[in-house]
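**Q**
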Amino acid sequence: MAEEITRELTMSRAMVEAIAGEMRADDEVFYMGEDVADYGGIFDSTEGLREEFGYDRVMDVPISETAYLGAAVGAAQEGMRPIAELMFVDFFGVAMDQIYNQMAKNTYMSGGNVSVPMVLTAAVGGTYNDAAQHSQTLYGTFAHMPGMKVVVPSTAYEAKGLMHNAIRDDDPVVYLFHKRLMGIGWLPAPDGPKTPVPETDYTIPFGSADVKHAGEDVTIVTLGLHVHRALEAAESLAEDGIGAEVIDLRSLVPLDTDTIVESVEKTGTLVVVDEDYRSYGVTGEIVASVADEAVGALDSVERVALPDVPIPYARSLENEVVADAGDIEAAVRRTQ
Numbered sequence: 001m002a003e004e005i006t007r008e009l010t011m012s013r014a015m016v017e018a019i020a021g022e023m024r025a026d027d028e029v030f031y032m033g034e035d036v037a038d039y040g041g042i043f044d045s046t047e048g049l050r051e052e053f054g055y056d057r058v059m060d061v062p063i064s065e066t067a068y069l070g071a072a073v074g075a076a077q078e079g080m081r082p083i084a085e086l087m088f089v090d091f092f093g094v095a096m097d098q099i100y101n102q103m104a105k106n107t108y109m110s111g112g113n114v115s116v117p118m119v120l121t122a123a124v125g126g127t128y129n130d131a132a133q134h135s136q137t138l139y140g141t142f143a144h145m146p147g148m149k150v151v152v153p154s155t156a157y158e159a160k161g162l163m164h165n166a167i168r169d170d171d172p173v174v175y176l177f178h179k180r181l182m183g184i185g186w187l188p189a190p191d192g193p194k195t196p197v198p199e200t201d202y203t204i205p206f207g208s209a210d211v212k213h214a215g216e217d218v219t220i221v222t223l224g225l226h227v228h229r230a231l232e233a234a235e236s237l238a239e240d241g242i243g244a245e246v247i248d249l250r251s252l253v254p255l256d257t258d259t260i261v262e263s264v265e266k267t268g269t270l271v272v273v274d275e276d277y278r279s280y281g282v283t284g285e286i287v288a289s290v291a292d293e294a295v296g297a298l299d300s301v302e303r304v305a306l307p308d309v310p311i312p313y314a315r316s317l318e319n320e321v322v323a324d325a326g327d328i329e330a331a332v333r334r335t336q
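The sequence shown runs 1 to 336 under full-length UniProt numbering.
If you want it as structure tokens, here you go:
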């Protein structure tokens, strides 16, 4: 990376830094959500913003996702750049019309005469005992909706660059961050360490996957939390002479199939890892996309994803359904 790195940040601080930078640069940028003003967001996603920008631009809202997401769509269509926090991605259902039929479609419905430059943020993921209604990722649900871009940071560096790009984008962007990566004290967050982040503003283009670990024997494609777990698996596999190439998608829509295909043509083996449900999800779509472009290069394929069951509350059961590094390693070994 070309930028000079001067310090390390948690993912939550990197997000706040990007949001603050855009709010300073553009008075039309504002943030709205539940507990985002004085409280600073339950995942520290807005900590300190209210003190700098005031209540008019960092707005607490009633517990009505239907109302405030609809208001955000309207504000975006009038030229503002709202960031609307859904808190938990599981709550999308109560505002499905605002997201799917308004935010995602109004540019198309207007023949391109209306743009909807807004960011919808939401926390995703399990493994901290919050049960079936607060623990999903739903990557595939949002990626399946035409008209929206979908991004998923895995480190503080990605969190800042993707957020800058999301706020500046003239189309609606869904920005999904994993709770365990935010570096928050009250969460069990061994997967969310501080990582190097430049002080300067920068953007990460959507549709640009990143090779986090080079390898010659197997391609592991993943995103979010499971980038870290795939890297852990890669270290263990290396001890047995298996070279795993780990690709961090960073964005689902648009999807960087070129980087994936280039790797698969080298390794011949594809393992796709996701914390979303296995059926009709991201893992199947990526395998299909690779098959469309490079089926002759594929010798072996494995998918690692959630079984099609609600995420349990009990930690022991939750750990059974959410893949860890050992599950990824086992999937790779099945291909060798």
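Note that the Cβ used here is the ideal one computed from N, Cα and C, for glycine as well.
Would you kindly work out how many angstroms separate the C-alpha atoms of D171 and F53, rounded to a whole number?
**A** Here the question's residue 171 lines up with position 171 in the sequence shown. Here the question's residue 53 lines up with position 53 in the sequence shown. Between D171 and F53, the C-alpha separation is close to 24 Å.
**Q** I need the straight-line Cα distance from M1 to G140, nearest angstrom please.
**A** On the sequence shown, position 1 is the one that residue 1 refers to. On the sequence shown, position 140 is the one that residue 140 refers to. Only weak support exists for where M1 lies, its pLDDT of 46 falling under 50; the value from the coordinates is given anyway. Going from the Cα of M1 to the Cα of G140 covers about 30 Å.
**Q** How about F53: is its Cβ closer than 7 Å to a heavy atom in the ligand GTP?
**A** Inclusion of the ligand GTP in the displayed structure is not the case, the ligand content being empty and no account of it being possible.
**Q** Taking a contact to mean a Cβ-Cβ separation below 8 Å, would you say V219 touches S289 in this structure?
**A** As a working mapping, residue 219 is identified with position 219 in the sequence shown. As a working mapping, residue 289 is identified with position 289 in the sequence shown. According to the sequence shown, residue 219 is Thr rather than Val. No, these two residues do not count as a Cβ contact at 8 Å.
**Q** With distances taken Cα to Cα, identify the nearest neighbour of V261 among V119, V197, V246.
**A** If you number the sequence shown from 1, residue 261 lands on position 261. Nearest of V119, V197, V246 to V261, Cα basis: V246.
**Q** Three-state secondary structure (DSSP) at F43?
**A** What you label residue 43 is simply residue 43 of the sequence shown in a count that begins at 1. Coil, per DSSP.
**Q** Can you find the residues in the same chain that come closer than 7 Å, C-beta to C-beta, to L237, ignoring five residues on each side of it along the sequence?
**A** For the purposes of this step, residue 237 is taken as residue 237 along the sequence shown, with counting starting at 1. Taken in chain order, the residues that qualify are A244, E329, V332.
**Q** Measure the C-alpha to C-alpha separation of A131 and A143 and round it to an integer number of angstroms.
**A** Reading the sequence shown from its first residue, position 131 is the one you call residue 131. Reading the sequence shown from its first residue, position 143 is the one you call residue 143. Rounded to whole angstroms, A131 to A143 spans 23 Å at the Cα level.
**Q** For K175, which residues does DSSP report across the bridge?
**A** What you label residue 175 is simply residue 175 of the sequence shown in a count that begins at 1. A small fix is needed here, since residue 175 is Tyr in this sequence, not Lys. Answer by DSSP bridge pairing, in chain order: T121, V151.
**Q** Taking only the alpha-carbon atoms, compute the straight-line gap between N101 and G74 and give it to the nearest angstrom.
**A** Taking the sequence shown and counting its residues from 1, one reaches residue 101 at position 101. Taking the sequence shown and counting its residues from 1, one reaches residue 74 at position 74. Those two C-alpha atoms are separated by around 13 Å.
**Q** Start and end of the beta strand (DSSP E) containing K212?
**A** Here residue 212 is taken as the residue at index 212 of the sequence shown, counted from 1. 210-213 is the extent of the beta strand (DSSP E) around K212.
**Q** Just the Cα atoms here: how many angstroms apart are P254 and P205?
**A** Position 254 of the sequence shown, counted from the start, is the residue given in the question as residue 254. Position 205 of the sequence shown, counted from the start, is the residue given in the question as residue 205. Those two C-alpha atoms are separated by around 10 Å.
**Q** Could you check the C-alpha separation between residue 337 and V119 for me, to the nearest Å?
**A** Since the displayed the chain opens at 1 and closes at 336, residue 337 lies outside it and no answer follows.
**Q** Report the residue ranges of all alpha helix (DSSP H) runs contained in full by the stretch 237-301; include only those spanning at least 4 residues, in chain order.
**A** Counting whole runs of 4 or more residues, the stretch 237-301 contains the alpha helix (DSSP H) stretches 257-267, 282-294.
**Q** Going residue by residue through the stretch 47-85, where are the continuous beta strand (DSSP E) segments of at least 3 residues, counting only ones entirely within it?
**A** Those beta strand (DSSP E) runs which fall completely within the stretch 47-85 and span 3+ residues are 58-60.
**Q** Cα separation between E320 and G126?
**A** As a first step, residue 320 is located in the sequence shown; it is residue number 320 there, counting from the start. As a first step, residue 126 is located in the sequence shown; it is residue number 126 there, counting from the start. Those two C-alpha atoms are separated by around 12 Å.
**Q** Judging by CA-CA distance, which residue of R229, F91, D38, I83 is the nearest neighbour of D169?
**A** In the sequence shown, counting from the first residue as 1, residue 169 sits at position 169. Measuring from the Cα of D169, the nearest candidate turns out to be I83.
**Q** Look up L317 in the DSSP assignment and say whether it is helix, strand or coil.
**A** On the sequence shown, position 317 is the one that residue 317 refers to. Reduced to three states, the DSSP call for L317 is helix.
**Q** Have a look at residue 353 and M87 and give me their C-alpha separation to the nearest angstrom.
**A** Any question about residue 353 goes unanswered here, given that the chain covers just 1 to 336.
**Q** By Cβ distance, which residues of its chain are closer than 7 Å to A18, with the 5 residues on each side in sequence left out?
**A** Within the sequence shown, numbered from 1, the residue matching residue 18 stands at position 18. These residues qualify, in order along the chain: K160, M163, H164.
**Q** Only counting the same chain, and skipping five residues up and downstream in sequence, which positions put a Cβ closer than 6 Å to that of E232?
**A** Walking along the sequence shown from the start, residue 232 turns up at place 232. Here the set comprises A325.
**Q** Within this structure, are the beta carbons of Y108 and R180 separated by less than 8 Å?
**A** Working through the sequence shown from its first residue, we reach residue 108 at position 108. Working through the sequence shown from its first residue, we reach residue 180 at position 180. No, they are not a contact pair.
**Q** Is the beta carbon of M182 sitting closer than 8 Å to the one on M11?
**A** Along the sequence shown, one-based indexing puts residue 182 at 182. Along the sequence shown, one-based indexing puts residue 11 at 11. A contact, by the Cβ cut-off of 8 Å.
**Q** Quick check: the Cα distance between D38 and R13, rounded to an integer number of angstroms?
**A** Numbered from its first residue, the sequence shown carries residue 38 at position 38. Numbered from its first residue, the sequence shown carries residue 13 at position 13. Near 16 Å, if we compare the C-alpha coordinates of R13 and D38.
**Q** Return the chain-ordered list of same chain residues with a C-beta closer than 7 Å to the C-beta of Y313, the five sequence neighbours on each side being excluded.
**A** The residue labelled residue 313 in the question sits at position 313 within the sequence shown. Cβ within range, chain order: N129, A131.
**Q** Let me check one thing: in DSSP terms, what residues is I220 bridge-paired to?
**A** Counted from its first residue, the sequence shown places residue 220 at position 220. DSSP output for I220 lists V246, V271 as bridge partner(s).
**Q** Using three-state DSSP, classify G140 as helix, strand or coil.
**A** In the sequence shown, residue 140 corresponds to position 140, counting from 1. Correct three-state label for G140: helix.
**Q** Please return the same chain residues whose Cβ sits closer than 7 Å to the Cβ of H178, not counting the five positions on each side in sequence.
**A** Taking the first residue of the sequence shown as 1, we reach residue 178 at position 178. So the list reads V124, G125, G224, L225, once near-sequence residues are dropped.
**Q** Hey, how far is the Cα of R24 from the Cα of K212?
**A** Residue mapping note: residue 24 aligns to position 24 of the sequence shown, counting from 1. Residue mapping note: residue 212 aligns to position 212 of the sequence shown, counting from 1. Computed Cα separation, rounded: 32 Å.
**Q** Quick check on the burial criterion: 16 or more other C-beta atoms within 10 angstroms. Buried or exposed for Q133?
**A** On the sequence shown, residue 133 is found 133 positions in, with the first residue counted as 1. Exposed, because fewer than 16 other Cβ atoms sit within 10 Å of the Cβ of Q133.
**Q** Am I right that G207 and S251 are in contact with their C-beta atoms under 8 Å? What's the rounded C-beta distance?
**A** Stepping through the sequence shown from its first residue, residue 207 is reached at position 207. Stepping through the sequence shown from its first residue, residue 251 is reached at position 251. At roughly 6 Å, the Cβ-Cβ gap stays under 8 Å, so G207 and S251 are in contact.
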